Amino acid sequence: MWPLYAAGFTTAFGAHGIAANLGAGDADLVRSVLYLGVLLALYDGAEVVLKPVFGTVADRVGARPVLLAGLVAFAASSAVFVAVRDPGWLWAARLGQGAAASAFSPAASALVARLNPQARRGRAFGSYGFYKSIGYTAGPLLGGVLVWAGGLTLLFAVLMALAAAVALWAALAVPAVPPLPKTRQTLADLVRRLAEGTFVRPVAALAAATAALSVGVGFLPLSGRADGLPPVATGAAVSALAACAALVQPWAGRALDEGRLSTRTGLSAGLAVTACGLAAAVLPGVAGLLLAAVLIGAGTGVITPLGFAALAAATPEERIGQTMGAAELGRELGDAGGPLLVASVATAVTLGWGYAALALPTALLLPVLAARRASR
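First residue of the sequence shown? That's 59 in the working numbering, and the numbers climb one at a time after it.
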């Protein structure tokens with residue numbers, strides 16, 4: 059399991075370490091909120107297209123080869139920017155990293171499910187999410203130190219070495235998990251399975267949580283700078299967001315396995331807390347910034363392990379990669395759509411209205427979940 063945790067750390071550290079420090083690497087990003095939103099969405103846009111594809115491939119050839127290939131490709135994409143050292147190539151490097159993460163992220167999730175029995179999957183996904191959140195936590199601060207010391211080139215060089223090391227570790231330690239025999243599935247069968255409530259409910263919650271997390275990492279520093287806070291303070295607030303998510307996820311996973319927390323109750327509570335965090339981001343000053351970071355982190359920390367455990371429980375094991383890839387598609391739509399929504403509204407009005415524009419649909423998922431519960 060440890061190389062899988064390291065793979066989760068790698069994608070999280072790469073995504074948020076760069077996202078939180080793009081402005082330090084290119085002054086134009088500080089002056090254009092919309093440009094920043096596009097670059098934040100680019101990494102996730104590649105994942106939106108490719109994650110379902112690689113999830114299906116993982117079911118067909120095995121998750122381990124897809125995991126290894128994705129890590130190697132991530133290292134190669136990072137090496138491109140290190141070699142050219144041209145900010146004009148930043149979009150290409152980010153696109154390549156996103157495509158590579160599209161392979162090893164659903165493969166890692168599928169391996170977490172396959173290597174753990176049903177009774178331990180809440181803990182397993184909680185631990186996986188914990189180490190992924192450590193990457194989110196270290197990314198803004200450590201990424202800022204690396205950019206300060208050697209620019210974006212040094213940050214990409216560290217990511218290149220990290221991905222290569224994790225690929226080697228996984229090759230040596232992760233056992234081969236052969237694909238399981240499958241019955242023939244038509245496109246109509248796939249659509250029918252993905253339209254069921256057991257898939258739609260967790261994925262909708264995961265998408266909302268990921269949108270809030272991406273917006274918190276990308277735009278809370280802008281709010282802090284607008285209030286006159288130094289970069290260290292804004293970076294610390296973003297890291298507090300990720301730290302809260304990291305601490306909550308193992309607890310939520312254990313509570314699910316032990317029967318102290320149901321999936322629906324946990325998802326509803328997580329959505330409510332996340333919506334409150336987005337609303338708190340509208341408040342000025344340090345208090346609003348920290349309250350938003352803590353609430354968004356705690357809400358997403360509850361949603362993430364419960365959502366993935368619910369998906370694994372409702373999916374035949376021979377289709378687990380396909381389900382995880384499709385679920386990641388929903389998450390990445392939120393991850394890409396969240397920054398674009400907030401940036402578009404902020405460009406037209408203010409950043410505070412952008413936060414409110416995302417808080418509203420997040421809160422509206424609560425009556426949807428309640429209505430589904432009442433209909434059963």
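For each residue, glycine too, the CB sits at the ideal point set by N, CA and C. No experiment lies behind these values; they were computed from the predicted model shown.
For the 9 angstroms CB-CB criterion, proline 164 and glycine 113 form a contact. Rounded to the nearest whole angstrom, the CA to CA distance from tyrosine 413 to valine 275 is 13 angstroms. Taking the C-beta atoms as reference points, leucine 364 is found no nearer than 9 angstroms to valine 261. For arginine 172, the enclosing alpha helix (DSSP H) covers residues 148-172.
Alanine 269 sits in a helix when the DSSP states are folded into three classes.
A contact is defined here as three or more CB-CB pairs under 8 angstroms, and the region 413-427 meets this definition with respect to the region 330-347. By the Cβ-count criterion, glutamate 316 is exposed, with fewer than 16 other Cβ atoms from all chains shown falling within 10 Å of its own Cβ.
The closest CA to that of tyrosine 101, considering only Ile76, Thr358 and Val124, is found on Ile76. In the three-state reduction of the DSSP assignment, proline 237 falls in the coil class. Along the length of the region 356-399, whole alpha helix (DSSP H) runs at least 4 residues long do not occur.
Per DSSP, the unbroken alpha helix (DSSP H) holding methionine 218 starts and ends at 179-231.
For alanine 356, same chain residues with a beta-carbon under 6 angstroms away, outside a window of 5 residues either side, are Cys302, Val306 and Val331 in chain order.
For the options Glu375, Ala404 and Val130, the alpha carbon positioned closest to that of alanine 219 is the one of Val130.
Counting only residues of its own chain and dropping the five nearest sequence neighbours on each side, alanine 231 has a CB closer than 8 angstroms to the CB of Trp60 and Pro61. Contact check for alanine 265 against leucine 391 passes: the beta carbons are separated by less than 9 angstroms. Aspartate 285 sits in coil when the DSSP states are folded into three classes, being neither helix nor strand. Taking C-beta atoms under 8 angstroms as the contact rule, alanine 133 and alanine 225 qualify, at a distance of about 7 angstroms. Per DSSP, reduced to three states, the secondary structure at leucine 319 is coil, with no helix or strand assignment. Under the three-pair Cβ rule at 8 angstroms, the region 390-410 counts as touching the region 271-288.
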